[in-house]
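Residue 2 is where the sequence shown starts when you use this note's numbering, and the numbers rise one by one after that.
Quick notes on the structure that follows.
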Amino acid sequence: MEEQASIAHVPAPEPVQQELADQEIIEVVEANETAPTPSKRGQLVKSATVVMLGNLGSSVLGQLRQSVLAGLGTAVTGPFATALTPLQTFLDLLANGTVSGALIPTFTDYADEESHQELRRVVYSLVNLLILISLFVNALFIFVAPWFVGSILAGDYTAGEKALTITFSQVIICALTIMGPFAVLQAVLYARKEFGFAAFASGALHLGIIAGAIVTGWLGATHFGQLGLAFGVILGGLAQVALLVPGLKRQHLPYMFVLDVKHPAIRRIFKLYAPLAVSYIVSMFFVFLDLSLMNRTPGDHAANLTAAKFATALIQFPGGLVAAALSFAILPTLSRYTTENEDTQFKETLTMGLRLGLLLMIPAMAGLIILRYPIVSLLFHHGLFKPSDADLAAVALQNYAYQLPFLVVDQLIMFAFYARKNTIVPVIVGFVCYGLYALVALPFYRTIGMPALVFANTVQNSMHGIILFALFYKFFGSLHFRSSLPALLKIIIATVAMAVVAWALQYWMGYYDFFSLHTLRGQLLTTLIAGGAAVVVFFGGILLMKVEEISLLKQAVLAKLGKK
Numbered sequence: 002m003e004e005q006a007s008i009a010h011v012p013a014p015e016p017v018q019q020e021l022a023d024q025e026i027i028e029v030v031e032a033n034e035t036a037p038t039p040s041k042r043g044q045l046v047k048s049a050t051v052v053m054l055g056n057l058g059s060s061v062l063g064q065l066r067q068s069v070l071a072g073l074g075t076a077v078t079g080p081f082a083t084a085l086t087p088l089q090t091f092l093d094l095l096a097n098g099t100v101s102g103a104l105i106p107t108f109t110d111y112a113d114e115e116s117h118q119e120l121r122r123v124v125y126s127l128v129n130l131l132i133l134i135s136l137f138v139n140a141l142f143i144f145v146a147p148w149f150v151g152s153i154l155a156g157d158y159t160a161g162e163k164a165l166t167i168t169f170s171q172v173i174i175c176a177l178t179i180m181g182p183f184a185v186l187q188a189v190l191y192a193r194k195e196f197g198f199a200a201f202a203s204g205a206l207h208l209g210i211i212a213g214a215i216v217t218g219w220l221g222a223t224h225f226g227q228l229g230l231a232f233g234v235i236l237g238g239l240a241q242v243a244l245l246v247p248g249l250k251r252q253h254l255p256y257m258f259v260l261d262v263k264h265p266a267i268r269r270i271f272k273l274y275a276p277l278a279v280s281y282i283v284s285m286f287f288v289f290l291d292l293s294l295m296n297r298t299p300g301d302h303a304a305n306l307t308a309a310k311f312a313t314a315l316i317q318f319p320g321g322l323v324a325a326a327l328s329f330a331i332l333p334t335l336s337r338y339t340t341e342n343e344d345t346q347f348k349e350t351l352t353m354g355l356r357l358g359l360l361l362m363i364p365a366m367a368g369l370i371i372l373r374y375p376i377v378s379l380l381f382h383h384g385l386f387k388p389s390d391a392d393l394a395a396v397a398l399q400n401y402a403y404q405l406p407f408l409v410v411d412q413l414i415m416f417a418f419y420a421r422k423n424t425i426v427p428v429i430v431g432f433v434c435y436g437l438y439a440l441v442a443l444p445f446y447r448t449i450g451m452p453a454l455v456f457a458n459t460v461q462n463s464m465h466g467i468i469l470f471a472l473f474y475k476f477f478g479s480l481h482f483r484s485s486l487p488a489l490l491k492i493i494i495a496t497v498a499m500a501v502v503a504w505a506l507q508y509w510m511g512y513y514d515f516f517s518l519h520t521l522r523g524q525l526l527t528t529l530i531a532g533g534a535a536v537v538v539f540f541g542g543i544l545l546m547k548v549e550e551i552s553l554l555k556q557a558v559l560a561k562l563g564k565k
């Protein structure tokens, strides 16, 4: 969803000195087209690392959020997950979809100091426009929610679950007025390469929901107590905006009361976003179709939906940490190279992103598949979340995990099209892939059930990346990815070794009651021992085989920690 919500790669980066001096050096190097390529690569990896660290914090909070929600039971979390869908869908339509496809590429065109006031005018015209639109949407949705949510999204829920879902959705939709402007402000910070504040602010939403879940657990199952979850979404949205304020101050972008919808930049944004808007309108249908089908699968509908949502959160951990982080870090640079007609630099940067992304996503896929049961049990199997619920979530996780390597390819190539001011091709490919989703989902949702819908989503996202990669080659020429095949082979070898070790350790520990997955101790020890050994084997293998990207990543992390 949001989050969407970005990404990029070769000798080691220069050591970090004082923060201000380092920033000045970076800006001079990036402004000089004759500067050594290794320095540019190192800076891109450092930028991606900042976003990764921010997304890591957000992802950890997201997992904590799901763990806290699990303790409330599916009778509450199912309606809550359903009630979040309208907010997320409208948010994607009104704001999130513009961030990568229209906002960042356009804001990057106003990156020089001479255009600073124009940039500020454009940003706050969009913010104020979104506030007005979202207020109208809020009023309309609150009015139609009893019919729309009650009949379509929660049609097969019990009367109590249906009433709770409707009330949740009517409160949660009010967060649209806050979270829409947040997306615009986050985009301008990314465009200005103020990555830290933009990346770390996203986690505040999870904190708000966690606070709401604690209130709900404390007050019990009373109707007022359950509404703590819904108000937690609004609290989290306010916290997100508040955390962007320091970054906006650093970039000298205070609020402006303006609504210049005829500004050329806003017209350009609307033009770029028009195809994406059509895509998101179509995607609304498929989001609600997926939700409707999920509520008609065999078994407990709320449990099926909760399992899929929790598995989605686990998949978004590496997705946000790697795919989204690399994409947003790399997009401003790709946009600048497009403006300056630096095709060679553009392709080299994109290839670096693909290699670094696959370095992290291939083992992430294997690790989540092999250790799915201990991970799900550790995070969610407590409170009212039953063993059968954990089993469902583990099955969903496995079927989602297959898409991870393709997801990073999809995000990077899609952002490469966006950087070239082309939003039409990704949209057309998206329509094709919606059809692929339907081909898998519709024949099997009543027989195979929830796992079929999850796998249909994996097919949809994976094919989107594969088709976009082929079209990029057709339109813009080769990325010379063949030279990366030796590194890719080394990554696969290390991943296989990692998977064998993780599986063997998990299998061995399964013979001892001390490591039983029915106890918190066993869940924790199995995850830590098998997972820890897998990480050591993978990165040890990568270091032994001297895969270049791991050295870049190591230097970038040490640089952000202030070490040599």
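Ideal placement from N, C-alpha and C gives every residue a C-beta, glycine not left out.
Mind checking which residues open and close the alpha helix (DSSP H) that includes residue i?
| i | result |
| --- | --- |
| residue 519 | Here residue 519 belongs to no alpha helix (DSSP H), and DSSP marks it neither H nor E. |
| residue 483 | Careful: residue 483 lies outside any alpha helix (DSSP H) and carries neither H nor E. |
| residue 299 | Taken as a continuous stretch (DSSP letters only), residue 299 belongs to no alpha helix (DSSP H), as it is neither H nor E. |
| residue 255 | From DSSP, residue 255 is part of no alpha helix (DSSP H); its letter is neither H nor E. |
| residue 83 | 75-92 |
| residue 159 | No alpha helix (DSSP H) holds residue 159; DSSP gives it neither H nor E. |
| residue 121 | 117-149 |
| residue 448 | Run containing residue 448: none; DSSP gives neither H nor E here. |
| residue 342 | Note, residue 342: premise wrong, no alpha helix (DSSP H); not H, not E. |
| residue 279 | 265-295 |
| residue 380 | 373-381 |
| residue 180 | 177-192 |
| residue 598 | Residue 598 lies beyond the stretch modelled for the chain, which goes from 2 to 565, so this question has no answer here. |
| residue 203 | Looking at the DSSP string, residue 203 is not in any alpha helix (DSSP H), and its letter there is neither H nor E. |
Could you tell me if residue i is buried or exposed, where buried requires 16 or more neighbouring beta carbons within 10 angstroms of its beta carbon?
| i | result |
| --- | --- |
| residue 630 | This structure cannot speak to residue 630, because the chain is shown only from 2 to 565. |
| residue 545 | exposed |
| residue 262 | exposed |
| residue 140 | exposed |
| residue 253 | exposed |
| residue 349 | buried |
| residue 182 | buried |
| residue 153 | exposed |
| residue 513 | exposed |
| residue 341 | exposed |
| residue 538 | buried |
| residue 336 | buried |
| residue 103 | buried |
Please report the distance separating the alpha-carbon of residue i from that of residue j.
| i | j | result |
| --- | --- | --- |
| residue 548 | residue 332 | 24 Å |
| residue 392 | residue 279 | 37 Å |
| residue 330 | residue 473 | 20 Å |
| residue 493 | residue 411 | 19 Å |
| residue 202 | residue 440 | 38 Å |
| residue 540 | residue 495 | 8 Å |
| residue 250 | residue 187 | 13 Å |
| residue 11 | residue 200 | Low confidence applies to residue 11: its pLDDT is 31, below 50, so where it sits in the model is not reliable enough to give any reading. |
| residue 36 | residue 334 | Bear in mind that the predicted position of residue 36 carries a pLDDT of just 38, short of 50, making it unreliable; the figure below should be weighed with that in mind. Whole-angstrom Cα-Cα distance: 15 Å. |
| residue 516 | residue 353 | 41 Å |
| residue 306 | residue 176 | 23 Å |
| residue 463 | residue 424 | 19 Å |
| residue 116 | residue 122 | 10 Å |
| residue 1 | residue 511 | Because the chain is modelled from 2 through 565, residue 1 falls outside the range shown and cannot be assessed. |
| residue 170 | residue 205 | 20 Å |
| residue 243 | residue 522 | 39 Å |
| residue 355 | residue 390 | 36 Å |
| residue 258 | residue 185 | 15 Å |
| residue 518 | residue 164 | 36 Å |
| residue 281 | residue 387 | 35 Å |
| residue 179 | residue 136 | 10 Å |
May I ask whether a heavy atom of the ligand ZN can be found less than 8 Å away from the beta carbon of residue i?
| i | result |
| --- | --- |
| residue 295 | Because no ligand of any kind appears in the structure shown, any question about the ligand ZN cannot be addressed here. |
Whether or not the segment 65-84 and the segment 310-322 are in contact is what I'm after, with contact meaning three or more pairs of Cβ atoms, one per stretch, closer than 8 Å; do they touch? yes
Would the segment 466-483 count as touching the segment 504-518 if we require 3 or more Cβ pairs under 8 Å? no
- request: Check whether the segment 237-244 touches the segment 196-210, counting contact only when three or more Cβ pairs, one atom from each stretch, lie closer than 8 Å.
  value: yes
Does the contact criterion of 3 or more C-beta pairs under 8 Å hold for the segment 292-307 versus the segment 129-148?
no
- Message: Can you confirm whether the segment 487-504 touches the segment 424-442 when touching is taken to mean that 3 or more C-beta pairs between the two stretches lie within less than 8 Å?
- Response: no
message = Quick test of the definition: if touching needs 3 or more C-beta pairs under 8 Å, does the segment 440-460 touch the segment 399-407?
response = yes
Checklist entry - Taking three-plus beta-carbon pairs below 8 Å as touching, is the segment 99-113 in contact with the segment 192-200? => result yes
Check your understanding: On the three-pair Cβ rule with 8 Å, is the segment 366-384 touching the segment 340-347?
Key -> no
Point to revise | Cβ pair count under 8 Å reaching 3, the segment 111-129 against the segment 265-274 | key: yes
* Do the segment 279-288 and the segment 85-96 meet, that is, are 3 or more Cβ pairs less than 8 Å apart? -> yes
- Would you check if the segment 57-67 and the segment 314-324 touch, i.e. whether three or more CB-CB distances between them fall below 8 Å? yes
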